[in-house]
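Down below is the structure, laid out as C-alpha cells.
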Amino acid sequence: MTTPLPFSFFPCLLLIPAICFTICHANSNLLCIQSEREALLKFKNHLIDPSNRLSSWVEGGDCCEWTGVVCHNSTGHVNQLHLAAPLSEPDGFATNAEWEAYNNSPLGGKINASLLELKHLSSLDLSNNDFSSIHIPKFFGLLESLTYLNLSGALFQGAIPHTLGNLSNLQYLDLGGNDLKSKSLQWVSGLSSLQYLDLSSANLSKATDWVQVTFKLPSLLELHLLGCGLEDDPSPTSVNSTKSLVVLDLSGNSLSSVPKWIFSLHGLVSIDLSGNSLEGPIPDYFGNISFLEVLDLSINFLNSPIPNSLYSLNRLQFLSLRGTELQGTISSAIGNLSSVTHLDLSDSQLSGQIPLSIGELSSLKLFDVSNNQLNGQIPLSIGQLSSLEEFDVSENQLNGQIPLSIGELSSLKLFDVSKNQLNGQIPLSFGQLSSLEVFDVSENQLNGTFPLSFGRLESLETLDCGYNLLGVVSETHFSNLTRLTTLAASHNRLRFEPNSSWIPHFNVNGSNWVTGILAQRISDVMPTWFLNLPTPFESLNLSSNQLRGEISYLNVRSSVDLSSNRFIGPLPRVFPTLVFLMLSNNSFSGSLFELLCNSSSGKLTEVLYIDKNLISGDIPDCWNHWQSLVLLNLGSNNLTGKIPPSLWRLNLIMLNLRTNTMFGELPSTLQNSPYLVMFDLSENHFSG
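What the sequence shown shows, in mature numbering (1 follows the signal peptide of the UniProt record, and there is no 0), is residues -26 to -1, 1 to 662, in sequence order.
Listed below in C-alpha cells is the structure:
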C-alpha cells in the first residue's frame, strides 16, 4: 500500500528559499562582504565535511558564488545558507560508490558563533546533517533577522534553548527528528510571527503548557508535534485565540481521547491523530469541521461504527481509519465523499458488503479495506473508478467472480484480492491494465486457464496466484514481463509447458527477485537459463516438484529450497550471503568437501539441510567459517568416518546425523553444549 505524503499548507513557503537560491544567485553581480566571507570560513573550519561539499569555500573567493550561499542581489549581504544534506536514499540499483557518497554527505562537527556576523541572514537550513554530539547553539537566538530556521533530522541533542524565543521575525521553525527535550514551551510565546512549527520527536512529556502556549500564536498555520510523548490535557474544551490553524499533527503520542478543543478550530484542513491510544467511539463532531481535507485516525482503539457525520465531509481527500477496531458496515453514504482520493479502512472489524455507491468516488486513487470481515461480491461499480491506482480487498470473506469491469481501470497499479473465497476465472480484460505492477489473487478458489493476455503487462513486478486451481502456463504468459521481480505460483494444478528454447526476459537486476513454484508436480529438467541468470535471485523455492538434472551453482542471495525433487550430481556451489539452504530428499551424490570447504561459503548460513540424499565420504573438518549455523541436518546419507572437531565448536541448536555409517567416540564436551536441544546420531556406529 502506498502512503501519500503528509498534507502541508506550506509548499510555497518551503519553496521560497530554493527559488531565491536560483534567482538571487543568478542576479548577483556583487562580491560578498569581506567580514561575512571570513565569518563563513570560520564556520567551515569547525565543521566535519567528509564529502568535501564545501570545497568552493576558499580564501579570497566570492562567497556569493559558494555552494549553499545566497546573497542579496543589490546589497551583497549573505541572507541565506542552504546546507541541508540530501534526504532521499539511493535506490536499490545504486552502486557502492553512490551509497558511500550518500553516507558521507552529512556535515558534522561544531557550529561556530561566527554566524553572528551574518547580520542579514534570513534563512538557515542545516537539516539532515549529523550534529549528534552537540546541542542546538544558544546563540541562534541572536540571529534576529531569521525568518526561516530548519534544523530537522540533524541529530541535535539536549534541551531546546529558550533563546530561540527571541526570534520575533521567525515564520518557519522545524526542529523535528532530533533528540531534543523541553520541560516548557513558554519560550514559543515570543515567536509572534510564527506560521509553521515542527517539534516532532522532541520529548515534551513534561511540557504541560503546550496547548495554552501554541494556540496563542496569532499567525500559526501548521503545528506538527509527532511522537512528543503528549498525554491527555485537562485544558479548556475550546481554544479561542487561534483562528488561523489549518494543519494539526499530533500523531504518535499517548492521547486516549480526541481533545475536545479540536472541534472549536473550524478552519482546520488537516488532522492527524494516528498512532495514539484513542478509545471509544469516533466523535460526531468531526462533521462540523467542514473544510477538512485530511483526517487520519489510524492505529488507535476506536471501536464504533463509522459515524454518519464523516460521510458529510465532501471536501475530504484523505481518510484513514486503518488499524482501529471499527465495527458495523460501510454505509452507502460513502458515495457522498466526492473529493476523496485515499480511502483506507483496513485492519479493522468491518462486516457486510462493499456498497455499490463506492463507484461514485470518481477521484478515488487508493481503496484499501483489507483484513476485515467483509462478505458478498466485489461490486461491478468498481469499474467506474477511472482514477483508481490501488485496490486492496485482501483477507476478507468475499465470494463470487472478479468483475470484468476492473479491466477498464487503466491507471490501476496494485490489485490484491488474496485470501478470499473468489471463484471463476481471471478475466481476460486484465491484459488491458498496462500500468499494473502488483497482481495478487493467491488463496482463493479460482480455476480455468491463466489468461495469455498477462504477457502484455510490461509494468508487472509482482505476480502471486498461489493456492488456486489454475491450468496451463507457457512462455507466452511471460513474453513481455521484463520487470517481473516476484513470482509465486505454488499449490496450484499448474502445468508449465514452455518451449525448450525459451529464454525469459525477467528483470532480476533488482535486489528482491523472489520465486516460489512449490508443490506443482512439475516434471522437467531445470533449464539452463534458470541457473545462468546474470544477477542473483533473492529467494528461490521449487520444493515438492519432480524437477531433475544437475545444478552446478545456485545464484541466490538469501534462501533456497529445492527439497523433494529428483536432482542428481554433486552438491552445488552457493552464493556467499546465503542464509537458508534446503536440499533434502533428492539424489545429490559425491562428497561434502566442495560445498563446505569453499572459503566463500557458509559465513551467513543459518540452516543447512542435505538429508535424504546419496552423499558419501567423511564430513570434512571445515566448519570454522560456518559460525552462523544453528540447524544442521545431514541424516540419511552414506557418510562415514568420525565427527570432525570443528563441528562441535558451532553453536548448533539442532544436529541430525542419523542413518549413516559413521563411527568413533563421542566427546565428553557434548553434554556441556549450551544451545543444543535436538540431537540425533542414531543408526550409526558411535561409542561412548
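Where is the CB? At the ideal position from N, CA and C, for every residue including glycine. All figures in this text were calculated on a predicted structure; none of them were measured in a lab.
Helix, strand or coil at residue i according to DSSP, with G and I counted as helix
i, result
"D535", "strand"
"L378", "helix"
"D258", "helix"
"A133", "strand"
"T41", "coil"
"F404", "helix"
"S661", "strand"
"I110", "coil"
"L15", "helix"
"H94", "coil"
"E253", "strand"
"K234", "helix"
"G309", "helix"
"Q186", "helix"
"E512", "strand"
"V221", "strand"
"T450", "helix"
"A462", "strand"
"F428", "helix"
"S244", "strand"
"G115", "helix"
"Q395", "strand"
"S142", "coil"
"Q419", "strand"
"E10", "helix"
Chain-order list of residues whose beta-carbon lies under 6 Å from that of residue i (same chain, five-residue window excluded)
i, result
"Q327", "G350"
"P111", "I85"
"H659", "F637"
"S142", "S166"
"G261", "S283 and S286"
"G151", "S126, G127 and S175"
"G226", "L200, G201 and G249"
"P544", "G564"
"L5", "D36"
"R296", "S272, D318, S320 and D321"
Contacting residues, own chain, Cβ-Cβ under 8 Å from residue i (five flanking each side not counted)
i, result
"N373", "N349, G350, Q351, N394, Q395, L396 and N397"
"P594", "S565, L566, F567, L570, C571 and P618"
"G615", "G591, D592, I593, M636, F637 and G638"
"E10", "C37, H51, V52, E91 and L92"
"S264", "H240, L287 and R289"
"L219", "F189, L194, L195, E196, L197, L239, G241 and L242"
"R547", "S526, Y527, L528, E568, L569, N572 and S575"
Straight-line Cα distance separating residue j from residue i
i, j, result
"G484", "T459", "Low local confidence applies: a pLDDT of 39 at G484 is under 50, so the model's placement there is unreliable, with the coordinate-based value given in what follows. The straight-line gap from Cα to Cα measures roughly 7 Å."
"residue 663", "F341", "No information on residue 663 is available, as it lies outside the stretch -26 to 662 that the chain covers here."
"F549", "S533", "10 Å"
"A71", "Q375", "50 Å"
"V52", "L191", "29 Å"
"S167", "S228", "30 Å"
"I236", "L324", "27 Å"
"K577", "S602", "6 Å"
"L14", "V314", "49 Å"
"D318", "S272", "9 Å"
"L61", "T182", "33 Å"
"N1", "T41", "Low confidence applies here, because N1 scores a pLDDT of 40, under 50, leaving its location unreliable; read the following figure in that light. Looking at the two C-alpha atoms, the distance is approximately 16 Å."
"K217", "F404", "50 Å"
"G523", "S251", "57 Å"
"T49", "C38", "11 Å"
Whole-angstrom C-beta distance between residue j and residue i, which should lie under 8 Å
i, j, result
"residue 663", "L605", "Residue 663 is absent from the structure shown; the chain starts at -26 and stops at 662."
"L631", "G609", "6 Å"
"F130", "F105", "5 Å"
"residue 699", "E435", "What the structure shows of the chain is the stretch from -26 to 662, and residue 699 is not part of that stretch, so it cannot be assessed."
"N391", "S368", "Here residue 391 is Val; the residue named in the question, Asn, does not match the sequence. About 6 Å; that satisfies the 8 Å criterion."
"S294", "S248", "7 Å"
"G381", "Q399", "With a Cβ gap of about 13 Å, G381 and Q399 do not count as contacting."
"L335", "G302", "That belief does not hold up - the Cβ atoms of L335 and G302 are roughly 20 Å apart, past 8 Å."
"L359", "L383", "6 Å"
"P329", "G357", "The pair is not a contact, with the Cβ atoms about 15 Å apart (cut-off 8 Å)."
Cut-off 7 Å between Cβ atoms - residues of its own chain near residue i, not counting five sequence neighbours on either side
i, result
"E299", "F275, L276, N277, S322 and Q323"
"T633", "G609, S610 and E657"
"L362", "L338, K339, F341, L383, S385 and L386"
Near the ligand MN: residue i beta-carbon under 6 Å from a heavy atom
i, result
"I332", "By its list of ligands, the structure shown contains no ligand whatsoever, and the ligand MN lies outside what it can speak to."
**Asked** What alpha helix (DSSP H) runs, 4 residues minimum, are completely inside the region 518 to 577?
**Response** 567 to 570
**Item:** Entirely enclosed alpha helix (DSSP H) segments - the region 577 to 655, minimum 4 residues
**Value:** 619 to 622
**Request:** Please go through the region 315 to 385 and give each complete beta strand (DSSP E) segment of 3 or more residues, from N-terminal end onward.
**Result:** 316 to 318, 340 to 342, 347 to 350, 364 to 366 and 371 to 374
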